[in-house]
Structures are given as structure tokens and as C-alpha cells.
Amino acid sequence: TGSPAIDGVTFNAPNSAPATDQRGIARPQGALYDIGSYEADAIPPNTTIDSTPPDPSNDTTPTFTFSGDDGTGSGIASFMCQMDSGGYSACAAPFTSLALLDGSHTFYVYAIDNAGNADASPAFYTWTITTVFNLFLPLILR
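In this text, residue positions in the sequence shown follow the numbering used here: the first is 152, and each later residue adds one.
Next up, the structure:
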């Protein structure tokens, strides 16, 4: 960070520089090519939640799957998850929550790539857990 080599190529690089750096990372990662054999990955990954519980749900320990896409960057290194306002912690897919109470909940997740770039807009899913209704359903159906 802050190196004058980052985005330092000002000549017509697409016609004279390789399409990837020494590690196979696509060039350029920023506005311009970096000077040297390594391209600094400055582009954060995107995060997608792939599967969620239904809304509403009676599952008090829901499971989520998610993935990250770093395009032609350095690749996904890890994920950070948060349930409601509990704070982020390292996680992996599939992620199963600890037991939750009835009510509205929000699951958040973001990817971090191998260069340390984090998705600035975490993916999230909001749903409602309703178990009380399910206790009375057999009585209603009689």
C-alpha cells in the first residue's frame, strides 16, 4: 500500500505487458498496471449467500451456504459471519447458527481475498423464526 510501483505504468501496457503477473494474477488490478513482476490485488471480492432457511421458518439452528468471487484476483482466503448484532467472526460454509429465539434475524457474511481485500458490502439475509405457531398447528388441524 502506498508504493509508487502500484498503478505506476503510464505507457501503453496492454500492448507490451503480460496479461498475468508472475503468480497468474490478472493484470491490471487497478486503473493501471503495476511496475514489476507482481500485480497488487486492490479489488475486493464479492460475496453471495447461496442457500438460506425459508421465511418464515421454524428452524432455530438454520444453516447457510455462501461463496465468494474474486474474479481474476488473488482468490478467496476466508469469510467473516455475523448473526444479528453479535459481531463478526471467522466462519466457513456451510455455517449453522447457534439456537435462535423466535423473531426476526439477519445473517451477514463477507469474503476476504488472499491480498487482504474485504468485501465492503456484506451479503445478508433477513427472515423470521416462528416456533410458537407450530406448537398449536396440530390442535388447529383436528
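The beta carbon of each residue, even a glycine, is placed where N, CA and C say it ideally should be.
Practice item. Give every residue of the same chain whose Cβ lies closer than 8 Å to the Cβ of threonine 203, excluding the five residues on either side of it in the sequence, and list them in chain order. Key: Pro213, Phe215, Phe258, Tyr276 and Trp278
Review point. Any contact of the segment 251 to 267 with the segment 217 to 231, i.e. 3+ C-beta pairs under 8 Å?
Key: yes
Exercise for review: Below 8 Å on the Cβ atoms is my guess for threonine 198 versus aspartate 270; work out the distance and round it to an integer in Å.
Suggested key: 5 Å
Review point. If we count the other Cβ atoms within 10 Å of its Cβ and call it buried at 16 or more, is serine 188 buried or exposed?
Key: exposed
Check your understanding: In terms of DSSP beta bridges, what is threonine 214 paired with?
Key -> Thr247
**Study point:** Exposure label - aspartate 172; buried when at least 16 CB within 10 Å
**Key:** buried
Check your understanding: How many angstroms separate the CA atom of aspartate 210 from the CA atom of aspartate 235?
Key -> 16 Å
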